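When the count follows our numbering, it moves up by one through the sequence shown with no breaks and lands on 802 for the last residue.
Beta carbons: idealized from backbone N, C-alpha and C, even for Gly.
For clarity, every value in this text was computed on a predicted model and none was experimentally measured.
Here is the structure we will look at.
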Amino acid sequence: MVMQWGMERADKLGLEVVVEASQYGVDLYHKFGLRSIEKVAIDMHIDKPSNTWRRLESDLRDFSFWWMWKPHRGVYEAGETPLPWVSKRGV
712 MVMQWGMERA DKLGLEVVVE ASQYGVDLYH KFGLRSIEKV AIDMHIDKPS NTWRRLESDL
772 RDFSFWWMWK PHRGVYEAGE TPLPWVSKRG V
């Protein structure tokens, strides 16, 4: 219900939608028209880590998140839909 309301509101206001999704949220957002733009893996390696840091690094070693996007009232198609944050001039 909340997702449906939010997506309808974004459409009415003429807004695109961007979310940061965990592996648990990707399917939900996909159902509402958002598409994965980039998978981000967290590199937690540091020199001389403490025992606590080693434990967290182990616990989160497979943690990734995805940037997901839906253009205003549109559907994103990889390689077809222009990304607004990518300059056409290559700058």
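query: When DSSP labels each residue in this structure, what does Ser769 get in the three-state scheme?; result: helix
query: Could you check the C-alpha separation between Asp722 and Ser775 for me, to the nearest Å?; result: 29 Å
query: For Met718, report the span of its alpha helix (DSSP H) as first-last.; result: Val713 to Leu724
query: If distances are taken between C-alpha atoms only, which option among Glu768, Tyr787 and Ala789 comes closest to Asp754?; result: Glu768
query: By Cβ distance below 6 Å, which residues in the same chain neighbour Gly725 in space, the five residues on each side in sequence not counted?; result: His783
query: Around the C-beta of Leu794, are 16 or more other C-beta atoms found within 10 angstroms, so that it is buried, or is it exposed?; result: exposed
query: For Met712 and Arg720, I'd like the C-alpha separation in whole angstroms.; result: 12 Å
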